[in-house]
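Numbering (full-length UniProt numbering), first residue to last: 1 to 700. For glycine and all other residues, C-beta sits at the position ideal for the given N, C-alpha and C. Computed from a predicted model, the values in this text were never measured in an experiment. Right, one structure below, let's go through it.
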DNA sequence: TGCAGGTTACG
DNA sequence: GTAACCTGC
């Protein structure tokens with residue numbers, strides 16, 4: 001494996017300069033990579049990637065996402081070789097112990113890595129937030145005598161640096177983004193790649209071969225390489241191509257479902273192949289240029305594209321401030337929404353057999369390519385939540401499993417926005433009509449015809465509502481509704497009525513639970529303890545199933561936001577714990593941050609039958625995250641925060657603690673939430689506590 | 001210029 | 001559905 005061409009300093013050569021481990025994660029790039037730059041500055045570098053999908057718990061990456069990762073790592077390795085070293089790869093179920101192994105076998109004295117801000121669902125450590133895990137990694141390695149330093153490479157501004165006038169986190173996107181654009185200091189300017197990288201001593205550090213796909217998957221992935229070129233230098237080319245090409249027309253074209261006028265940067269950004277700060281930087285240059293030229297449309301385009309960058313930032317911001325946002329609605333009342341638990345609906349949606357052409361075209365494109373235009377993501381997810389009224393987390397999980405740019409933070413934000421569970425999200429009771437949206441995003445029906453060949457001969461007049469087409473028209477087009485293309489599985493009008501009823505029920509339950517709390521009737525209408533576990537059959541991906549129709553009565557409904565059926569292979573069962581256990585596990589012991597605690601008792605994963613995939617951790621009670629979160633090593637908030645502004649890299653990271661956003665009226669509904677006894681909102685009174693990581697690492 | 005009425009966008 | 005925005009009198 002060590003075919004390193006130019007292994008300068010290899011084989012014990014790093015005699016007087018120290019050797020650093022650079023831990024690559026979702027920052028698979030050479031350019032503008034602060035951790036790598038720090039390693040190069042310090043001396044010799046051992047570049048490491050650790051594949052530990054078990055640490056993603058429930059969110060094992062989907063097939064196409066793994067394909068991308070594989071290509072991206074190969075690309076990175078090739079680059080590193082040309083710079084003078086190569087990528088050490090490790091297969092692990094525990095990143096931190098693998099890091100320690102690498103430290104021992106290379107004699108490294110430093111570890112550098114870049115922050116992740118996302119959700120993190122690791123069974124052993126039980127943390128909702130990557131930063132918390134990273135802090136723990138830092139402490140363990142510091143105890144081993146390693147100097148550890150971490151950096152921001154993924155965001156324009158660290159989440160804890162963007163606050164309102166009262167130093168509280170924002171709860172709406174527009175305010176957040178406005179603040180970002182008007183910060184007193186610019187985002188750090190992107191840096192150039194190092195000139196060369198001196199390799200650390202990797203002679204005694206073996207690499208593992210990483211398996212990212214099985215044989216079937218290799219076949220399914222064969223076509224991806226035609227459309228996509230993963231890897232950081234390709235990402236850079238894609239960025240230039242977009243900025244010098246389609247960007248100027250972005251404001252005009254961005255709504256077309258079918259167009260190639262979006263940036264296609266999202267998978268590159270997800271894996272950190274391109275630095276968002278570089279994107280921002282180049283956009284600003286164009287913005288200034290076009291503003292000077294009086295090019296209004298160009299300026300507008302930059303602003304709009306910047307906004308989508310801003311949404312990505314905001315998704316990390318939300319994850320940081322609300323570590324459960326991938327699991328549960330940010331507005332508590334949605335917990336009482338009676339979701340329709342109907343797998344045949346779910347299946348029809350996945351297979352693109354809902355009877356609504358725009359939705360179906362989107363779902364088939366997603367399945368076939370792993371890609372979906374942003375507008376169509378909104379259409380299919382909105383249909384999922386509002387028309388089918390399926391639990392939003394199912395849809396989110398399906399996106400996670402199928403999207404090439406699957407990104408838990410962005411997708412959680414998107415689904416919550418669609419579900420109306422953000423203060424600035426869409427209204428609950430708004431149903432978008434796929435027929436009208438069809439003519440908006442795909443006015444000539446070209447997109448539908450591409451993905452639904454059975455409708456290809458239908459005239460544009462009827463393409464988005466074939467159920468209204470006269471029989472002779474259908475016949476001429478070879479369309480037999482209910483036979484080769486389904487009739488709508490749910491009528492929009494019926495969905496509207498049903499949605500109204502559900503919302504009424506939701507508000508009633510919410511009021512009742514509020515009343516129960518005020519009366520001290522503790523559990524009130526608590527739903528968690530009585531929601532039955534939800535098992536899923538294995539046939540989910542079959543293609544030839546005729547979706548069930550006309551479920552107008554007796555729809556199975558649940559009030560809890562169910563755990564997601566696994567799309568890949570698993571048959572899952574969740575064992576409930578008693579609600580008193582919930583309270584206990586959640587309510588106490590937050591001062592201590594036990595290290596290396598195996599909280600099996602809190603984790604209700606009982607049965608996972610799972611073919612070759614990673615162990616899947618199942619839990620439908622998000623509280624289990626809570627019990628070992630907590631501040632330690634706190635600094636004075638104000639002081640630390642001012643330091644962090646001056647010295648952005650490698651220094652300050654706050655210990656996660658719930659944000660103060662619940663004091664905003666927006667989240668007030670959650671405040672009295674009985675099921676979420678230890679609700680992150682309940683603990684909002686605390687502000688983010690800052691921890692000086694550098695202090696830890698300087699204890700050398 | 002000011003207002004009514006229509007249109008668009010909405011993270 | 002609402003609020004900002006545009007248009008025509």
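Three CB pairs or more closer than 8 Å across the segment 295 to 310 and the segment 447 to 461: no
Every unbroken alpha helix (DSSP H) inside the segment 291 to 321 [4 residues or more]: 296 to 321
Beta carbon of residue 130 nearer than 7 Å to that of residue 118: yes
8 Å contact criterion, which residue 46 and residue 21 should meet: CB distance rounded: 5 Å
Cβ pair residue 275, residue 190 closer than 7 Å: yes
For residue 321 and residue 188, the rounded distance between their alpha carbons: 22 Å
Residues that residue 18 bridges to, as DSSP identifies them: 43
Of the residues 372, 115, 520, the one placed nearest residue 271, counting alpha carbons only: 115
Distance between residue 441 and residue 629 (C-alpha atoms, nearest Å): With a pLDDT of only 22 at residue 629, under 50, the local geometry of the prediction cannot be trusted, and the value read off the model is given with reservation. So the alpha carbons of these two residues sit roughly 45 Å apart.
CB-CB length for residue 19 against residue 107, believed under 8 Å: 6 Å
Residue nearest to residue 161 in terms of C-alpha spacing, selected from 314, 413, 486: 314
According to DSSP, residues forming a beta bridge with residue 435: Answer is none; residue 435 lacks a bridge partner.
Alpha-carbon to alpha-carbon, residue 360 and residue 395: 14 Å
Residue 271 - DSSP class collapsed to helix/strand/coil: coil
Reduced DSSP secondary structure (H/G/I, E/B, other) of residue 202: coil
Residues of its chain near residue 158, where Cβ-Cβ distance is below 6 Å and the 5 sequence neighbours each way are ignored: 152
Under 7 Å between C-beta atoms of residue 348 and residue 489: yes
Beta-bridge partners of residue 393, as assigned by DSSP: The partner list for residue 393 (beta bridge, DSSP) is empty, contrary to what the question assumes.
Residue 112 beta carbon less than 7 Å from that of residue 38: yes
Span of the alpha helix (DSSP H) around residue 75: 63 to 83
DSSP three-state assignment for residue 475, whether helix, strand or coil: helix
For residue 261, three-class secondary structure by DSSP: coil
Supposed close pair residue 172, residue 329 - CB separation, criterion 8 Å: That belief does not hold up - the Cβ atoms of residue 172 and residue 329 are roughly 16 Å apart, past 8 Å.
Assigned exposure category for residue 79 - 16 Cβ within 10 Å defines buried: buried
Exposure of residue 291, with buried meaning 16 or more beta-carbon neighbours within 10 Å: exposed
Helix, strand or coil at residue 345 according to DSSP, with G and I counted as helix: helix
Check whether residue 281 and residue 235 have beta carbons under 7 Å apart: no
Beta-carbon proximity of residue 434 to residue 399, cut-off 7 Å: no
Three-way DSSP call (helix, strand, coil) for residue 372 in this model: coil
Beta-carbon contacts of residue 502 that lie in its chain and below 7 Å, excluding the five residues immediately before and after: 337, 338, 389
Local Cβ density within 10 Å of residue 285, reported as buried at 16 or more and exposed below that: exposed
Rounded separation between residue 426 and residue 486 - CA only: 29 Å
Span of the alpha helix (DSSP H) around residue 448: 446 to 451
Closest Cα partner of residue 511 within the set 174, 332, 375: 332
Per-residue burial, residue 352 [other beta carbons within 10 Å of its own, 16 or more giving buried]: buried
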